[in-house]
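Encoded as structure tokens, the structure appears first; notes follow it.
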Amino acid sequence: MPFTYILECADGSFYVGSTWDLNRRVWLHNEGLGAAYTRRRRPVRLVWSAELARIDDAYALEKRLQNWSRAKRIALIEGRLDDLPDLSSRSWSARRDRGALRPGEVGYDAQEATTGGAQDEEKENGVS
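In the numbering used here, the protein residues as written are 833 to 960.
Here it is, written out as structure tokens:
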């Protein structure tokens, strides 16, 4: 069965790939016989994988994950699937504008999150 996988490289970066034989492919990366990217960043370790029904599905998922932000990949690796929609936008301002910032994140306003800051703003501006 085909796989899509994520490797963590020695420098902390991630490599996303797809293959028919996951164990062999990880071995090849660690032997320096895989991608040029991982050859310079050994050793690598497998941090996430998904088995798919068809190789074209595995390749399509590989390409999709390659376009994800680091934060979104980490959420996937850690199994925080509920966080993925909030991480879909690479733009901090877009997440801020839709109220998707998390407690502790720069720009998070606890009062706005609990009282509905937009409504308070409308009252201050005389709009009801």
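Positions of the beta carbon are idealized from the N, C-alpha and C atoms, including for glycine.
For Ser881, list the residues DSSP reports as bridge partners. Stepping through the sequence shown from its first residue, residue 881 is reached at position 49. Looking at the DSSP output, Ser881 bridges to Tyr837.
Round the Cβ separation of Thr870 and Tyr837 to the nearest angstrom and send it over; I've been treating them as touching at under 8 Å. As a working mapping, residue 870 is identified with position 38 in the sequence shown. As a working mapping, residue 837 is identified with position 5 in the sequence shown. No, Thr870 and Tyr837 are not in contact; Cβ-Cβ is about 11 Å, not under 8 Å.
Under a three-way DSSP split, which group does Val959 fall into? The count along the sequence shown starts at 1 and reaches residue 959 at position 127. With a pLDDT of only 49 at Val959, under 50, the local geometry of the prediction cannot be trusted, and no value is derived from it.
C-alpha gap between Ala885 and Tyr891, whole angstroms: What you label residue 885 is simply residue 53 of the sequence shown in a count that begins at 1. What you label residue 891 is simply residue 59 of the sequence shown in a count that begins at 1. If you take the alpha carbons of Ala885 and Tyr891, they lie about 11 Å apart.
I'd like to know whether the C-beta atoms of Leu916 and Ala907 end up nearer to each other than 7 Å. Looking up residue 916 in the sequence shown gives position 84. Looking up residue 907 in the sequence shown gives position 75. Contact annotation: Leu916 and Ala907 have beta-carbon atoms nearer than 7 Å.
Might you give, ordered along the chain, the residues of its own chain that have their beta carbon closer than 7 Å to the beta carbon of Cys841, omitting 5 neighbours on each side? The count along the sequence shown starts at 1 and reaches residue 841 at position 9. Around Cys841: Tyr847, Thr870, Arg873, Val876.
Three-way DSSP call (helix, strand, coil) for Leu916 in this model: Position 84 of the sequence shown, counted from the first residue, corresponds to residue 916. Of the three classes helix, strand and coil, the one that applies to Leu916 here is coil, per DSSP.
Roughly how many angstroms lie between the CA atoms of Met833 and Asp853, to the nearest whole one? For the purposes of this step, residue 833 is identified with residue 1 of the sequence shown, where counting begins at 1. For the purposes of this step, residue 853 is identified with residue 21 of the sequence shown, where counting begins at 1. Looking at the two C-alpha atoms, the distance is approximately 8 Å.
Excluding the 5 residues flanking Arg905 on each side, which residues of the same chain have their C-beta closer than 6 Å to its C-beta? Counting from one through the sequence shown, the residue named residue 905 turns up at place 73. Closer than 6 Å at the Cβ level, and outside the excluded window around Arg905, lie Phe846.
Please list the terminal residues of the continuous beta strand (DSSP E) segment that includes Val813. As shown, the chain starts at 833 and ends at 960. That puts residue 813 outside it, with no answer to give.
Endpoints, the alpha helix (DSSP H) within which Ala787 is located: The chain is shown from 833 up to 960; residue 787 falls before or after that span and cannot be answered.
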